[in-house]
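Asker:
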Amino acid sequence: MKIGIIKESTPEEKRVAAVPETVAKMIKAGMQVIVQADAGKAASFSDQQYKDAGALIKNNANEVLADSDIVLKVQRPDSKDVPLFKNGTTLIAPLYPSQYPELITQLNAKQMTLFALDRLPRIARAQSMDILSSMSNVAGYKSVILAANYLGKIFPMMTTAAGTIPPAKVIVIGAGVAGLQAIATARRLGAVVIAFDTRPAAEEQVKSLGAEFVSLETSHDQAQDAGGYAKEQSTDFYQHEQNIIARYSKEADVIITTALIPGKRAPILITEAMVKNMQPGTVIVDLASEQQGNCILSEPGKIIEKFGVTLIGILNMPSTVPIHASQLYAKNIFTFLNYIAPAWQNHAWDLDDDIIKTTLIAENGKIRQSV
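Sequence positions in the sequence shown follow our numbering and run 649 to 1019.
1. According to DSSP, Ala704 sits in a beta bridge with which residue or residues?
2. From the DSSP secondary-structure annotation, give me the bridge partner or partners of Ile740.
3. Measure the alpha-carbon distance for Gln651 versus Ala666 and round it to whole angstroms.
4. Which residues in the same chain as Ala823 place their Cβ atom closer than 6 Å to its Cβ, once the five residues preceding and following it in sequence are excluded?
5. For Thr968, which residues of its own chain have a beta-carbon under 6 Å away from its beta-carbon, when the five flanking residues on both sides are left out?
6. Assuming the contact rule is C-beta atoms closer than 8 Å, Phe763 and Leu917 should be a hit. Round their C-beta distance to whole Å, please.
7. In this structure, how does DSSP classify Ala1010 when only helix, strand and coil are distinguished?
8. In the DSSP assignment, the alpha helix (DSSP H) including Lys912 goes from what residue to what residue?
9. What residue range does the alpha helix (DSSP H) around Thr833 cover?
10. Can you check DSSP and say which residues form a bridge with Gly688?
11. Would you kindly work out how many angstroms separate the C-alpha atoms of Ile909 and Ile740, rounded to a whole number?
12. For the alpha helix (DSSP H) that contains Ala989, what are its first and last residues?
13. Looking only at DSSP bridge pairs, what is Lys817 linked to?
14. Along the chain, where does the alpha helix (DSSP H) that runs through Lys790 open and close?
15. For His868, which residues of its own chain have a beta-carbon under 7 Å away from its beta-carbon, when the five flanking residues on both sides are left out?
16. Any contact between the region 972-989 and the region 721-741? By contact I mean 3 or more CB pairs, one from each, below 8 Å.
17. How would you call Gly949, buried or exposed, if buried means at least 16 neighbouring beta carbons within 10 angstroms?
18. Take the Cβ of Ala921 as the centre, count every other Cβ of all protein chains shown within 10 Å, and call the residue buried at 16 or more, exposed below.
19. Please report the residue range of the beta strand (DSSP E) in which Leu755 lies.
20. Whose C-beta lies closer than 6 Å to the C-beta of Asp766 among residues of the same chain, with five residues either side of it excluded?
21. Pull the bridge partners of Glu860 from the DSSP assignment, please.
22. For Asp717, which residues of its own chain have a beta-carbon under 6 Å away from its beta-carbon, when the five flanking residues on both sides are left out?
23. Quick check on the burial criterion: 16 or more other C-beta atoms within 10 angstroms. Buried or exposed for Gly875?
24. Determine the contact status of Ala816 and Phe803, defining contact as a CB-CB distance below 8 Å.
25. Taking the continuous beta strand (DSSP E) assigned at Leu732, which residues delimit it?
26. Can you list, in chain order, the stretches of the beta strand (DSSP E) that have 3 or more residues and sit fully within the region 879-955?
27. Of the residues Ile752, Glu660, Val931, Tyr798, which one's Cα is nearest the Cα of Val730?
28. Which of the three DSSP states is assigned to His868 in this structure?
29. Restricting to Cα atoms, I'd like to know which of Arg663, Pro659, Glu656, Lys655 is closest to Ala978.
30. Based on the DSSP output, what are the partners of Gly652 in its beta bridges?
31. What does the alpha-carbon distance come out to for the pair Glu899 and Gly941?
32. Got a sec, what are the start and stop residues for the alpha helix (DSSP H) Leu713 sits in?
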């Protein structure tokens, strides 16, 4: 079993799908590992470290892909990269098949076996493979650090000879993995935090981190699907949510939004009118910018100012912390690889296994589930 690791070609992507630590584990498990030169350079992992772990270094992606049975990636391949894969390759990556069906068709035409890690079920057995949760943790942390950098105030309360400075007021919208990490980080920095979520079950987690929870009066069944992901709500519901958030947002120093619906445009939770009513100097970090943003004024990939409010729409937040993000991602993807390795070697997938069933998108020229 030859495992290929190539340098990510997506602009601004600094992460790598395997780090020397996980390469060593692959070698110990009897796999061969081929790494493109400088694949880990942007994440501060040198070719020598990969060599010391037992990997073979190849000059370019063409050489790696031509000799690999399984390819691990951080980002989905670009259409122009598809011809580089040899027929029958197994690709393990976040593929977002419902959003990029043409790419799936192109890859499937090469008789490739495709595993979409973004479709991992949120069950206990899959937690150690869950790249979305790992990367959301990183994004939640970095969102607060960015907010603190752009906010013209300090986060903790300070009592000085010149007087007392009150703590920053932070709102976190969405108490999933990213939101909870944002809450924890903001609290560690000394901020007062209020969190909103559609799931009543989130209240206990939010309060355990020392934040106030604002309920949106939604039942568990209404708030999330069977896979544990947030469900799309009605227009009336989002209007109701906007009205509640508006009561608090005009007093906030920082707002961090994390609300996402898989495969859909992110719900609009902050309107232009709400931004106009915010205090000058307020900072909004829109972690939903990958899906057009929770704030109507956010511009994905940009940091802008509107009505005196700074809106941060940075894409691919985990890539701004490439060392730890790569380490976490690499451990997730290695765990998944190790899980499927016996079935891969026997060319027999257990389609009754929830992990295999939900992530296996295509095999041998056959698309196994709707994209």
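For every residue, glycine included, the Cβ atom is placed at its ideal position computed from N, Cα and C.
Answerer: According to the structure shown:
1. By one-based count along the sequence shown, residue 704 stands at place 56. The sequence shown places Leu at residue 704, rather than the Ala named in the question. Partner(s): Ile682.
2. Numbered from 1 along the sequence shown, position 92 holds the residue referred to as residue 740. Leu720, Phe763.
3. Looking up residue 651 in the sequence shown gives position 3. Looking up residue 666 in the sequence shown gives position 18. Sequence check: residue 651 is Ile here, not Gln. Cα-Cα distance, rounded: 10 Å.
4. The residue labelled residue 823 in the question sits at position 175 within the sequence shown. Excluding residues within five positions, the ones whose Cβ falls inside 6 Å are Ala843, Asp845, Ala850, Val854.
5. Position 320 of the sequence shown, counted from the first residue, corresponds to residue 968. Lys790, listed in sequence order.
6. Translated into positions along the sequence shown, residue 763 becomes position 115. Translated into positions along the sequence shown, residue 917 becomes position 269. Between Leu917 and Phe763 the Cβ distance is about 33 Å, and since that is not below 8 Å, they are no contact.
7. Position 362 of the sequence shown holds residue 1010. Three-state DSSP puts Ala1010 in a strand.
8. Numbered from 1 along the sequence shown, position 264 holds the residue referred to as residue 912. Lys912 -> no alpha helix (DSSP H), and no H or E assigned at all.
9. As a first step, residue 833 must be located in the sequence shown, where it is residue number 185. Note, Thr833: alpha helix (DSSP H), 825-836.
10. Here residue 688 corresponds to residue number 40 of the sequence shown, with the count starting at 1. Gly688 is not bridged to any residue.
11. Counted from its first residue, the sequence shown places residue 909 at position 261. Counted from its first residue, the sequence shown places residue 740 at position 92. So the alpha carbons of these two residues sit roughly 23 Å apart.
12. Against the sequence shown, residue 989 aligns to sequence position 341. Segment 970-994, the alpha helix (DSSP H) holding Ala989.
13. Here residue 817 corresponds to residue number 169 of the sequence shown, with the count starting at 1. Per DSSP, Val840.
14. Translated into positions along the sequence shown, residue 790 becomes position 142. Where Lys790 is concerned, the enclosing alpha helix (DSSP H) stretches over 779-798.
15. As a position in the sequence shown, residue 868 is number 220, starting the count at 1. A caution first: His868 carries a pLDDT of 46, below 50, which makes its placement in the model too unreliable to give a value.
16. yes
17. Mapped onto the sequence shown, residue 949 falls at position 301. Counting Cβ neighbours within 10 Å, Gly949 comes out exposed, since fewer than 16 surround it.
18. The residue given as residue 921 occupies position 273 in the sequence shown. Under this definition Ala921 is an exposed residue.
19. Position 107 of the sequence shown, counted from the first residue, corresponds to residue 755. Looking at the DSSP string, Leu755 is not in any beta strand (DSSP E); the run it does join, the alpha helix (DSSP H), is 749-756.
20. Mapped onto the sequence shown, residue 766 falls at position 118. Same-chain partners within the cutoff: Pro742, Tyr744.
21. Reading the sequence shown from its first residue, position 212 is the one you call residue 860. According to DSSP, which records beta bridges pairwise, Glu860 is partnered with Ile842.
22. For the purposes of this step, residue 717 is taken as the residue at position 69 of the sequence shown. Met649, Lys650.
23. Here residue 875 corresponds to residue number 227 of the sequence shown, with the count starting at 1. Confidence at Gly875 is low in this model, with a pLDDT of 49, below 50, so its placement is unreliable and the value that follows should be read with caution. Exposed, by the Cβ-count rule.
24. Position 168 of the sequence shown holds residue 816. Position 155 of the sequence shown holds residue 803. A contact, by the Cβ cut-off of 8 Å.
25. In the sequence shown, counting from the first residue as 1, residue 732 sits at position 84. It is not in any beta strand (DSSP E) - Leu732 carries neither H nor E in the DSSP assignment.
26. 902-905, 931-934, 951-954
27. By one-based count along the sequence shown, residue 730 stands at place 82. The candidate whose alpha carbon is nearest that of Val730 is Ile752.
28. Residue mapping note: residue 868 aligns to position 220 of the sequence shown, counting from 1. Residue placement at His868 is flagged as unreliable, the pLDDT there being 46, under the threshold of 50; a coordinate-derived value is accordingly withheld.
29. Counting from one through the sequence shown, the residue named residue 978 turns up at place 330. Of the listed residues, the one whose Cα sits closest to Ala978 is Arg663.
30. Along the sequence shown, one-based indexing puts residue 652 at 4. Answer is Ile682, Val719.
31. By one-based count along the sequence shown, residue 899 stands at place 251. By one-based count along the sequence shown, residue 941 stands at place 293. Going by the C-alpha atoms only, they are around 21 Å apart.
32. Within the sequence shown, the letter at position 65 stands for residue 713. Per DSSP, Leu713 belongs to the alpha helix (DSSP H) from 709-714.
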